[in-house]
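Colleague: Going down the list, the sequences are from chains A and B.
Position one of the first sequence corresponds to residue 11 (the working numbering), numbered consecutively onward.
Position one of the second sequence corresponds to residue 11 (the working numbering), numbered consecutively onward.
Even for Gly, the Cβ is constructed at its ideal location relative to N, Cα and C.
Bear in mind that the values here come from a model prediction, so they are computed numbers and not experimental data.
Encoded as structure tokens, here's the structure I'll be asking about.
There are 2 protein chains.
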Amino acid sequence: MERVGFIGLGTMGAAMAGHVAEAGYPLTVWNRTPGRAASLVAMGAKEAESPSALAAASDVMVVCVSDSPDVEQVLFGPAGAAEGVREGCLVVDCSTIAPATARSAAERLAGRGVGFVDAPVSGGSEGAQKATLTIFCGGDPAHVARARPVLATMGKTITHVGPVGAGQAVKAVNQVILAGTYLGVAEGIVLALKAGLDVGQVVEALGGGAAQSWVLANRGGRMIDNEYPLGFKVALHLKDLGIALDMAGDLGADLPVTALCAEIERELLVGGHAAEDMSAVARVIRGRSGLPD
Amino acid sequence: MERVGFIGLGTMGAAMAGHVAEAGYPLTVWNRTPGRAASLVAMGAKEAESPSALAAASDVMVVCVSDSPDVEQVLFGPAGAAEGVREGCLVVDCSTIAPATARSAAERLAGRGVGFVDAPVSGGSEGAQKATLTIFCGGDPAHVARARPVLATMGKTITHVGPVGAGQAVKAVNQVILAGTYLGVAEGIVLALKAGLDVGQVVEALGGGAAQSWVLANRGGRMIDNEYPLGFKVALHLKDLGIALDMAGDLGADLPVTALCAEIERELLVGGHAAEDMSAVARVIRGRSGLPD
Numbered sequence: 011m012e013r014v015g016f017i018g019l020g021t022m023g024a025a026m027a028g029h030v031a032e033a034g035y036p037l038t039v040w041n042r043t044p045g046r047a048a049s050l051v052a053m054g055a056k057e058a059e060s061p062s063a064l065a066a067a068s069d070v071m072v073v074c075v076s077d078s079p080d081v082e083q084v085l086f087g088p089a090g091a092a093e094g095v096r097e098g099c100l101v102v103d104c105s106t107i108a109p110a111t112a113r114s115a116a117e118r119l120a121g122r123g124v125g126f127v128d129a130p131v132s133g134g135s136e137g138a139q140k141a142t143l144t145i146f147c148g149g150d151p152a153h154v155a156r157a158r159p160v161l162a163t164m165g166k167t168i169t170h171v172g173p174v175g176a177g178q179a180v181k182a183v184n185q186v187i188l189a190g191t192y193l194g195v196a197e198g199i200v201l202a203l204k205a206g207l208d209v210g211q212v213v214e215a216l217g218g219g220a221a222q223s224w225v226l227a228n229r230g231g232r233m234i235d236n237e238y239p240l241g242f243k244v245a246l247h248l249k250d251l252g253i254a255l256d257m258a259g260d261l262g263a264d265l266p267v268t269a270l271c272a273e274i275e276r277e278l279l280v281g282g283h284a285a286e287d288m289s290a291v292a293r294v295i296r297g298r299s300g301l302p303d
Numbered sequence: 011m012e013r014v015g016f017i018g019l020g021t022m023g024a025a026m027a028g029h030v031a032e033a034g035y036p037l038t039v040w041n042r043t044p045g046r047a048a049s050l051v052a053m054g055a056k057e058a059e060s061p062s063a064l065a066a067a068s069d070v071m072v073v074c075v076s077d078s079p080d081v082e083q084v085l086f087g088p089a090g091a092a093e094g095v096r097e098g099c100l101v102v103d104c105s106t107i108a109p110a111t112a113r114s115a116a117e118r119l120a121g122r123g124v125g126f127v128d129a130p131v132s133g134g135s136e137g138a139q140k141a142t143l144t145i146f147c148g149g150d151p152a153h154v155a156r157a158r159p160v161l162a163t164m165g166k167t168i169t170h171v172g173p174v175g176a177g178q179a180v181k182a183v184n185q186v187i188l189a190g191t192y193l194g195v196a197e198g199i200v201l202a203l204k205a206g207l208d209v210g211q212v213v214e215a216l217g218g219g220a221a222q223s224w225v226l227a228n229r230g231g232r233m234i235d236n237e238y239p240l241g242f243k244v245a246l247h248l249k250d251l252g253i254a255l256d257m258a259g260d261l262g263a264d265l266p267v268t269a270l271c272a273e274i275e276r277e278l279l280v281g282g283h284a285a286e287d288m289s290a291v292a293r294v295i296r297g298r299s300g301l302p303d
């Protein structure tokens with residue numbers, strides 16, 4: 011069995027690394043902020059002193075951090091994984107970052123004989139905990155094939171969608187679709203509340219028709235209650251929409267609903283709601299419509 | 011078995027009336043434009059000379075026309091159903107109209123001892139043909155109970171959502187949710203096309219996660235192909251968004267994505283695409299993003 015290293019033990023990463031350990035892989039972990047490794051160490055994982063030390067002890071390294079600069083830091087910063095990694099190893103980046111950053115990291119690692127797969131995930135903290143994540147892989151087929159058994163411990167659907175960067179592009183598409191879907195559901199629920207309807211019944215009735223979506227079925231209730239436990243943080247979705255809008259700018263795509271959703275999410279950040287679930291877009295629509303907070 | 015009258019034999023109505031006839035109800039039909047009744051007459055239905063004559067021959071009348079003025083015309087215009095209807099009959103309006111128009115029609119009919127149920131449908135022409143429509147009923151419980159067996163021949167899910175007008179309000183909520191969902195899917199597909207991804211594969215991969223929706227699964231392909239067979243006409247969805255935005259204005263709700271979708275659909279009307287399926291919102295996003303028509 012390959013020795014796995016796991017960098018980044020946030021809400022997503024800690025759950026994902028747990029599934030790798032449960033599957034029996036020899037596991038080494040590292041997290042920027044100390045004190046996140048205890049439960050994994052209790053499962054038999056080793057904690058490394060640095061990404062470099064983790065890389066030296068691993069055949070396949072999984073990275074799950076927040077943003078492009080974080081990935082660059084843990085791979086290429088001081089005591090970064092690139093310092094300790096050996097030829098023939100594979101880096102699997104489950105973070106959501108810009109496709110261009112993924113391509114650049116892959117090129118730098120390829121120069122050392124190290125493979126790279128971008129493998130951003132979708133499904134939020136529930137998906138991470140239940141190992142039901144959807145994972146979009148970009149990379150050489152041989153690298154993706156090597157990453158697959160490790161990813162299979164964390165996710166339900168693992169799709170190889172193209173060369174390095176393609177996984178990130180698909181993730182951006184996912185976040186764009188979510189932007190419109192969440193806003194549509196939020197506006198529908200606010201209209202139903204204002205009209206005095208039995209909104210829970212409405213959500214159930216509409217779930218049987220063309221308005222059916224995962225968002226309506228799984229996030230409608232939060233919007234009705236105006237309570238937004240995680241889930242997936244507003245701040246992270248806004249970060250991902252930034253990636254999508256940058257891509258759109260580079261490629262010449264016009265995404266008006268995506269831009270509108272980013273504007274609404276910035277309003278949430280300003281209001282101190284960055285750490286709520288992204289279904290909190292309904293909070294803004296509710297507020298603008300005079301519903302009590 | 012109650013004698014059923016069916017007013018309005020458009021794409022939706024003709025299919026729905028066919029299911030009523032198949033279920034064995036004695037059926038009388040009428041359509042403003044002649045020549046739409048032939049296939050129903052071949053199934054044993056009678057064709058009435060006017061809504062008034064149809065009303066005189068019916069216990070339960072189903073109306074399925076385009077808009078609020080059409081409903082007012084067939085019910086209360088010259089030779090309208092109100093002229094021929096007898097006390098104790100029931101009018102079931104499957105058109106999508108303003109909740110206020112439904113309440114007004116119900117009041118006028120109640121004065122003659124005639125019941126009224128608003129029962130707008132969702133599911134488009136496919137749903138009408140396959141008798142899998144989702145139907146939202148507003149009205150007195152006894153009236154809805156009486157309408158239910160007739161509606162059950164046309165639809166799969168029939169929900170009593172409140173008093174008269176509530177069915178229309180729920181339909182408006184449905185159209186608002188669709189607005190956001192269609193635009194999100196359209197923008198996602200355009201971004202995927204611009205990024206050079208295998209978009210069919212992307213749609214399949216994303217369908218397993220939080221971006222999952224009926225729209226993505228059933229309309230993504232049309233957006234990829236840039237061909238928009240019906241389905242549900244842009245012009246009708248735009249009419250329904252007008253109802254929703256009027257409601258929002260009356261109730262003090264702010265629906266920015268709904269307004270954006272209406273703007274995009276008006277652009278389709280101007281461009282001569284009113285009769286395409288509403289998935290044609292992707293045509294506008296594609297065009298603005300420089301993709302070939």
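1) When the Cα of residue 129(A) is compared with those of 205(A), 102(A), 96(A), which residue comes out closest?
2) Spatial neighbours of residue 223(A) within its chain, please: CB distance less than 6 Å, with the 5 preceding and 5 following residues excluded, ordered by chain position.
3) Would residue 110(B) and residue 54(B) be called neighbours here (beta carbons separated by less than 9 Å)?
4) In chain order, what residues of the segment 210-224 of chain A put their CB closer than 7 Å to some CB of chain B?
5) To be precise: take each residue of the segment 177-200 of chain A, compare its Cβ to all Cβ atoms of chain B, and keep it if any distance is under 9 Å. Which residues remain?
6) With a threshold of 6 Å on Cβ separation, who are the neighbours of residue 262(B) within its own chain once the five nearest residues in sequence on each side are excluded?
7) Assuming residue 125(B) contacts residue 100(B) (C-beta within less than 8 Å), just tell me the rounded distance between them.
8) Residue 6(B) versus chain A: which residues are under 7 Å apart at the beta carbon?
9) For a test of the three-state rule: what should DSSP assign to residue 15(A), helix, strand or coil?
10) DSSP on residue 57(A), reduced to helix/strand/coil?
11) Just to confirm before moving on: does the CB-CB distance between residue 209(B) and residue 202(B) stay below 9 Å?
12) Counting only runs that start and end within the segment 169-251 of chain A, where is the beta strand (DSSP E) found for 3 or more residues in a row?
13) How long is the line joining the alpha carbons of residue 118(B) and residue 105(B), rounded to whole angstroms?
14) Counting only runs that start and end within the segment 37-109 of chain A, where is the alpha helix (DSSP H) found for 4 or more residues in a row?
15) Return the first residue and the last residue of the alpha helix (DSSP H) that residue 161(A) is part of.
16) Contact check, residue 90(B) vs residue 62(B) under 8 Å by CB: the rounded distance?
17) Once you ignore the five residues that flank residue 143(A) on each side, which residues in its own chain have a CB closer than 6 Å to its CB?
18) Return yes when the Cβ of residue 205(A) is within less than 9 Å of the Cβ of residue 183(B), no when it is not.
19) Hey, would you say residue 295(A) sits closer than 9 Å to residue 214(A), going by beta carbons?
20) By DSSP, does residue 7(B) sit in helix, in strand, or in coil?
21) Using beta-carbon positions only, say whether residue 148(B) and residue 75(B) come within less than 9 Å of one another.
22) Hey, could you find the ends of the alpha helix (DSSP H) residue 127(B) is sitting in?
23) Are the Cβ atoms of residue 272(B) and residue 243(B) separated by less than 9 Å?
24) The alpha helix (DSSP H) spanning residue 121(A) covers which residue range?
25) Starting from residue 171(B), find everything on chain A with Cβ-Cβ shorter than 8 Å and list it in chain order.
26) For residue 257(B), go through chain A and note every residue whose CB falls closer than 7 Å to its CB, in chain order.
27) Report buried or exposed for residue 97(A), applying the criterion of at least 16 other Cβ atoms within 10 angstroms of its Cβ.
28) Using a Cβ-Cβ distance cut-off of 9 Å, determine whether residue 226(A) contacts chain B.
29) So with CB distances below 7 Å, who are the chain C contacts of residue 113(B)?
30) Using DSSP bridges, identify the partner residues of residue 167(A).
31) Output, in chain order, the set of chain A residues within a Cβ distance shorter than 8 Å of residue 134(B).
32) Please list the residues of the segment 151-172 of chain B that have a C-beta atom closer than 8 Å to any C-beta atom in chain A, keeping them in chain order.
33) Answer with yes or no whether the minimum CB distance from residue 108(A) to chain B is below 9 Å.
Modeller: Quick answer:
1) Within the first sequence, numbered from 1, the residue matching residue 129(A) stands at position 119. The shortest CA-to-CA distance from residue 129(A) to any of 205(A), 102(A), 96(A) is the one to 102(A).
2) Sequence index remark: in the first sequence, residue 223(A) carries index 213 (1-based). Cβ neighbours of residue 223(A) beyond the five flanking positions: 191.
3) The residue labelled residue 110(B) in the question sits at position 100 within the second sequence. The residue labelled residue 54(B) in the question sits at position 44 within the second sequence. For residue 110(B) and residue 54(B), no; Cβs fall outside 9 Å.
4) The segment 210-224 of chain A vs chain B, Cβ under 7 Å: 211, 212, 215, 216, 218, 219, 220, 221, 222, 223, 224.
5) Hits within the stretch, in order: 179, 180, 182, 183, 184, 185, 186, 187, 188, 189, 190, 191, 192, 193, 194, 195, 196, 197, 198, 199, 200.
6) The count along the second sequence starts at 1 and reaches residue 262(B) at position 252. Nothing listed; no residue qualifies.
7) By one-based count along the second sequence, residue 125(B) stands at place 115. By one-based count along the second sequence, residue 100(B) stands at place 90. Indeed, because the Cβ distance is near 4 Å, the residues count as touching under 8 Å.
8) Outside the displayed range of chain B (11 to 303) lies residue 6(B), so it cannot be described from this structure.
9) In the first sequence, residue 15(A) corresponds to position 5, counting from 1. In the three-state DSSP reduction, residue 15(A) falls in the strand class (E or B).
10) Position 47 of the first sequence, counting from 1, holds the residue named residue 57(A). In this structure, residue 57(A) counts as strand in the three-state DSSP scheme.
11) Taking the first residue of the second sequence as 1, we reach residue 209(B) at position 199. Taking the first residue of the second sequence as 1, we reach residue 202(B) at position 192. Yes. Within cutoff.
12) Whole beta strand (DSSP E) segments, 3+ residues: zero.
13) Taking the first residue of the second sequence as position 1, residue 118(B) is located at position 108. Taking the first residue of the second sequence as position 1, residue 105(B) is located at position 95. Near 18 Å, if we compare the C-alpha coordinates of residue 105(B) and residue 118(B).
14) Counting whole runs of 4 or more residues, the segment 37-109 of chain A contains the alpha helix (DSSP H) stretches 48-52, 61-66, 78-86, 91-94.
15) As a first step, residue 161(A) is located in the first sequence; it is residue number 151 there, counting from the start. Per DSSP, residue 161(A) belongs to the alpha helix (DSSP H) from 151-162.
16) Taking the first residue of the second sequence as 1, we reach residue 90(B) at position 80. Taking the first residue of the second sequence as 1, we reach residue 62(B) at position 52. About 6 Å separates the Cβ atoms of residue 90(B) and residue 62(B), confirming a contact at the 8 Å cut-off.
17) Along the first sequence, read from residue 1 onward, the residue named residue 143(A) stands at position 133. 131, 133, 137, 164, 165.
18) To locate residue 183(B), count along the second sequence from 1; it is residue 173. To locate residue 205(A), count along the first sequence from 1; it is residue 195. Yes, the Cβ-Cβ distance between residue 183(B) and residue 205(A) is below 9 Å.
19) Position 285 of the first sequence, counted from the start, is the residue given in the question as residue 295(A). Position 204 of the first sequence, counted from the start, is the residue given in the question as residue 214(A). It is not a contact, given that the beta carbons lie outside the stated cut-off.
20) With chain B represented from 11 up to 303, any question about residue 7(B) goes unanswered, as that position is not in the structure.
21) Reading the second sequence from its first residue, position 138 is the one you call residue 148(B). Reading the second sequence from its first residue, position 65 is the one you call residue 75(B). Cβ distance not < 9 Å, so residue 148(B) and residue 75(B) don't count as in contact.
22) As a first step, residue 127(B) must be located in the second sequence, where it is residue number 117. If you look at residue 127(B), you'll find it isn't in any alpha helix (DSSP H); it sits in the beta strand (DSSP E) that goes 125-128.
23) Position 262 of the second sequence, counted from the start, is the residue given in the question as residue 272(B). Position 233 of the second sequence, counted from the start, is the residue given in the question as residue 243(B). No; because the gap between Cβ atoms is not below 9 Å, this pair is not in contact.
24) Position 111 of the first sequence, counted from the first residue, corresponds to residue 121(A). According to the DSSP assignment, residue 121(A) belongs to no alpha helix (DSSP H), since it is labelled neither H nor E.
25) Here residue 171(B) corresponds to residue number 161 of the second sequence, with the count starting at 1. Identification of chain A residues near residue 171(B) by a Cβ-Cβ cut-off of 8 Å yields 207, 208, 211, 212, 215, ordered along the chain.
26) Along the second sequence, one-based indexing puts residue 257(B) at 247. Listed along chain A, the residues sitting closer than 7 Å to residue 257(B) by beta-carbon distance are 201, 205.
27) Within the first sequence, residue 97(A) is the residue found at index 87, counting from 1. Residue 97(A) comes out exposed.
28) The count along the first sequence starts at 1 and reaches residue 226(A) at position 216. At a cut-off of 9 Å between beta carbons, residue 226(A) contacts chain B.
29) Note that chain C does not occur in the displayed structure, where the protein chains are A and B.
30) Position 157 of the first sequence, counted from the first residue, corresponds to residue 167(A). Note: residue 167(A) is bridge-paired with 144(A) in the DSSP secondary-structure output.
31) Numbered from 1 along the second sequence, position 124 holds the residue referred to as residue 134(B). Listed by position along chain A, the residues whose Cβ is nearer than 8 Å to that of residue 134(B) are 220.
32) Residues passing the 8 Å Cβ filter: 166, 167, 169, 171, 172.
33) If you number the first sequence from 1, residue 108(A) lands on position 98. For residue 108(A), the answer is no, since every Cβ of chain B falls outside 9 Å of its Cβ.
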